[in-house]
Amino acid sequence: MIIDVHTHINNYHEERVVSLEDCLNRLTGTMQDNHVDYALVLSSYKVNEHRPSTKQVVEAISGRDNLGVVAGISYLHYNHRDLREIGEYLESGLIKGLKFYPGYEPFYPNDIRLKIVYDMAIEYDVPVMFHSGDTYAPTGKIKFSHPIHIDDLAVDYPDLKIVICHVGNPWIKDCMEVVYKNKNVHADISGLVLGDFSDKFERYMKKEIEEMITYAGDPKYLLYGTDWPISNMRSYLNFMGQLDLPHEKKELILWKNASELFKIDTSKF
Ligand SMILES: [Zn+2]
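Those letters in the sequence shown? Residues 53 to 321, by my numbering.
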């Protein structure tokens, strides 16, 4: 069983306009090729012709049992309609979590402006995911996406379930301390490469992730995710295969932790 907690259906190659349906078919086709049973699709903090809204994604995946939606929230631009829509989707179980993009937008996770959204996540018991570490865009501001700031949020909201995306890369040691210290914080390993891992980079990351587990203990907090289509699914599964971990611990990372955290019913697959 494999659950990928981090995929996108944004059109990153903006010269090629691909329909939402085509993007979803490409995603499920790639999942099938790689024996991935379920994936979460994260919507963006921006909506434009290349980046579908949460509503568009929710409508487009209806009837596809192997996909779930995590709603991207804009720190700068949310309004009362967005909050109402998110509330309705949470109430009806149509979204499995919320995603925030510090670094791409200028805010620290523990900003009071987001309290209302965190309170909703606690009420409906869904995780909140944070972009963390490097921003692909040079216009991003990485002081905001440093994983150390997640500690503030985790302490002030002990009932909030938090995911640090990309293990805070390159600040993996900082991420590992925040995860070790706070029982309500998880991390996903998505987006560590553009495309495929090179042998050299794979060796480097293997060491980093193994050290994280040595320090923070039994990987109950670690989630498998790719950031597809930015990172290649096959290369990611090869990377998982390289990790020096017993089978039961890989199972935790590959699907068990995600199934529990996002309440994904794996009996259907
Ligand atoms: Zn991503």
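The beta-carbon is built from N, C-alpha and C at its ideal position, and this holds for glycine as well. Being a predicted model, the structure only gives us computed values, none of them experimental.
Check: Looking at ligand 1, does it come within less than 7 Å of Cys217, judged from the CB to the closest heavy atom?; Outcome: yes
Check: Could you tell me the boundaries of the alpha helix (DSSP H) in which Val169 lies?; Outcome: Lys167 to Glu175
Check: Suppose contacts are defined by Cβ-Cβ distances below 8 Å. Is Leu94 in contact with Lys151 by that definition?; Outcome: yes
Check: Evaluate Glu140 with the Cβ neighbour count: other Cβ atoms within 10 Å of its Cβ, from every protein chain shown; 16 or more gives buried, anything less gives exposed.; Outcome: exposed
Check: Should Gly155 be counted as a contact of ligand 1 given a C-beta to heavy atom distance under 7 Å?; Outcome: no
Check: In the DSSP assignment, find the unbroken alpha helix (DSSP H) run with Thr266 in it and report its ends.; Outcome: Asp251 to Ala268
Check: Nearest-angstrom Cα distance between His60 and Gly155?; Outcome: 18 Å
Check: In chain order, which continuous runs of the beta strand (DSSP E) of length 3 or greater are located wholly inside the region 65-126?; Outcome: 90-94 and 119-124
Check: Classify Lys272 as helix, strand or coil using the three-state DSSP reduction.; Outcome: coil
Check: Would you mind giving the Cβ-Cβ distance between Leu76 and Ala112, rounded to the nearest angstrom? I have them listed as a contact below 8 Å.; Outcome: 6 Å
Check: Touching or not, the region 115-135 and the region 85-101, by the rule of three or more beta carbon pairs under 8 Å?; Outcome: yes
Check: Where Phe249 and Met172 are concerned, what is the direct C-alpha to C-alpha distance, given to the nearest angstrom?; Outcome: 38 Å
Check: Since I believe Tyr209 is in contact with Tyr232 (beta carbons under 8 Å), could you give me their beta-carbon distance rounded to a whole number of angstroms?; Outcome: With a Cβ gap of about 18 Å, Tyr232 and Tyr209 do not count as contacting.
Check: Beta-carbon within less than 8 Å of Thr187's beta-carbon, same chain only, minus the 5 sequence neighbours each way: which residues are those?; Outcome: Gly155, Tyr156, Lys193, Ile194 and Ser197
Check: If I measure Cβ to Cβ from Thr106 and keep anything under 6 Å in the same chain, skipping five residues before and after, which residues do I get?; Outcome: Ser95 and Ala123
Check: Please determine, among Asn63, Arg103 and Ser311, the residue with the shortest C-alpha to C-alpha distance to Gly149.; Outcome: Ser311
Check: Is the separation between the beta-carbon of Val215 and that of Ile241 shorter than 8 Å?; Outcome: no
Check: Between His132, Val99, Ser126 and Glu260, which lies nearest to Phe291 when the distance is taken from Cα to Cα?; Outcome: Glu260
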